[in-house]
Amino acid sequence: MARLLGTLRSSQPVARFQRSCGLFPAAEEGGGSGDPAEGPRERGACNGAGALRCPAAAGRGVPGGVRSGRGPQGCTQKYIVKNYFYYYLFKFSAALGEEIFYITFLPFTYWNIDHSVSRRMIIVWSIVMYIGQVSKDILKWPRPLSPPVVKLEMRTNAEYGMPSTHAMAATAISFSFFIATTNQYKYPFELGLVAAFVFSTLVCLSRLYTGMHTVLDVLGGALISAVLLVLLYPAWDTIDHLLLTSPFCPLFSIAVPLVLCYNYPKLDYYSPTRGDTTTILGAAAGATVGFWLNNQYAAPAYTSKSFQAGFPQITSTVLFVLARFFVGISVVLLTRWVMKSVVLGALGYRYQFPLGDLQARRRLEVEVPYKFVTYSSVGFTATVIVPLLHELLGLM
């Protein structure tokens, strides 16, 4: 068993998976075939947290040519793509675990599918992601070594690897959506199960293809998320009821995440995990306050114009659905942009640092309120302001 776990934790299976999908490191001067069996080489190594912490990002290049990535410390890595189907499939799949997906899909669910489904997904997502992010900085397992692995991302390479929070989020969101909708809408159980499995599997495989995680990181993330789903499922209705009716909900929703963010595990160097965790908890806090406020003041609910007779069917009402989404996402993105500018400006004035000072923005007393206030405003806007605007525009 120990030998198996050691193999799953090593970089070699990741490198072999990349080669099987047509992703190869460009041959370096002085030799080197790029075969993962050769093992790690120091020259040009681009490794993340726990190693050299010199990330390599996917670069730009002509189709069929050599692409390259460059990290902030001057680390460069060139690679060759021989199968563009897998390249774009897994690059897209990797984006399904990023902010761009969360900030579009979760509000879309709230505006166009079902409030209760959205609430349950956000609760599970925030809990799972917090546990995953903290686990990374407690375990401090390094990411795959490069070489032999090709690294296609830069930012997340500065974090530790175990567990894969992309795998955790994909498993949590896809299966919580499936579980929450299967009892409310009429659609084939097998179809929902397969869709959830395919979604989570694509995201998990994308973490291997991009060279960001070992096989054990991905399996561990998916397994942890599955266990948390099983543990949380019996309490879903109770948690949801308390969040909607308890007079202490707004205080609890703001205070607890803030305490968790300010007491995030400390590292001996900067990692974006604390900022990402604050972003997630802040968005969930703002959304939760919005859920409570809507329930207390009987905010108008969305009608079933767009989703009738069983599971949502986007047919002749697709324009109506898209109108809701584009109006809503425009307001959400505008809120994020405005709040980022206002909050960062206020913090810069308070702590006397220029807005372009990256090191100052990474300080605890700056990063936590900056991220938390910005994204709690985003969550609140998505659940309160946008529905009011939809009602005003006749899109309810």
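The opening residue of the sequence shown carries number 3 in the numbering used here; numbering runs sequentially from there.
Idealized CB from N, CA, C, for every residue including glycine.
- Looking only at V323, V136, V229 and A97, the smallest Cα-Cα distance to L204 is reached by A97.
- Note that the stretch 4 to 17 touches the stretch 209 to 228; at least 3 beta-carbon pairs, one per stretch, sit closer than 8 angstroms.
- Scanning F201, I125, L10 and F191 for the CA closest to the CA of S95 turns up F201.
- Counting the other Cβ atoms within 10 Å of the Cβ of Y81 gives 16 or more, which makes it buried.
- The C-alpha of K93 lies about 14 angstroms from the C-alpha of V152.
- Counting C-beta pairs with one atom in each stretch, the stretch 358 to 376 and the stretch 262 to 271 have three or more that are closer than 8 angstroms, which means they touch.
- Look at L154 here: in three-state DSSP terms it is coil, with no helix or strand label.
- When beta bridges are read from the DSSP output, P27 appears opposite Y81.
- DSSP assignment within the stretch 90 to 154 yields no whole beta strand (DSSP E) run of 3 residues or more.
- DSSP places T167 inside the alpha helix (DSSP H), whose first and last residues are T167 to T184.
- Taken through DSSP and simplified to helix, strand or coil, S12 comes out as coil.
- In the structure shown, K268 adopts coil according to DSSP, grouped into three states.
- Pairing L6 with V196, the inter-Cα distance amounts to about 28 angstroms.
- Taking the Cβ atoms as the reference, L231 lies roughly 6 angstroms from A174, within the contact range of under 8 angstroms.
- When C-alpha distances from P150 are compared across S178, K373, L210 and Y189, the shortest belongs to L210.
- Taking 8 angstroms as the cut-off, the Cβ atoms of C23 and N114 do not count as close.
- Between I102 and the set C206, F180, D278 and P27, the nearest pair of CA atoms involves D278.
- Non-local beta-carbon contacts of V119 in its own chain, meaning distances under 8 angstroms to residues more than five positions away in sequence, involve T111, F179, A182, T183 and Q186 in chain order.
- Fewer than three pairs of CB atoms, one per stretch, sit closer than 8 angstroms, so the stretch 345 to 357 makes no contact with the stretch 128 to 138.
- Per the C-alpha coordinates, the member of M123, G134, P259 and G350 positioned closest to E161 is G134.
- A direct Cα-to-Cα measurement between W143 and L269 gives close to 13 angstroms.
- Going by DSSP, K342 is part of the alpha helix (DSSP H) stretching over V320 to Y353.
- For P249, the number of other beta carbons within 10 angstroms of its own is below 16, and it is reported as exposed.
- Residue state for K373 is assigned as helix, using DSSP reduced to three classes.
- Here D359 is exposed. Its C-beta has fewer than 16 other C-beta atoms within 10 Å.
- Straight-line measurement puts the Cα of F327 at about 13 angstroms from the Cα of E393.
- Per the coordinates, the alpha-carbon of T383 lies some 47 angstroms from the alpha-carbon of A28.
- Under the three-state reduction of DSSP output, G213 falls in the coil class, being neither helix nor strand.
- Listed in chain order, the non-local C-beta contacts of H168 below 6 angstroms within the same chain comprise G99, V205 and R209, local neighbours out to five positions each way being set aside.
- Put simply, the backbone Cα of V83 is about 10 angstroms away from that of Q20.
- L346 has its alpha-carbon roughly 44 angstroms from the corresponding atom of G8.
- Spanning the alpha carbons of F199 and G223 requires a straight line of approximately 14 angstroms.
- Per DSSP, L283 is one residue of the alpha helix (DSSP H) stretching across T275 to Q298.
- In the structure shown, the three-state DSSP call for P236 is helix.
- The Cβ-Cβ distance between S255 and T290 falls below 8 angstroms.
- Secondary structure at P252: helix, using DSSP grouped into helix, strand and coil.
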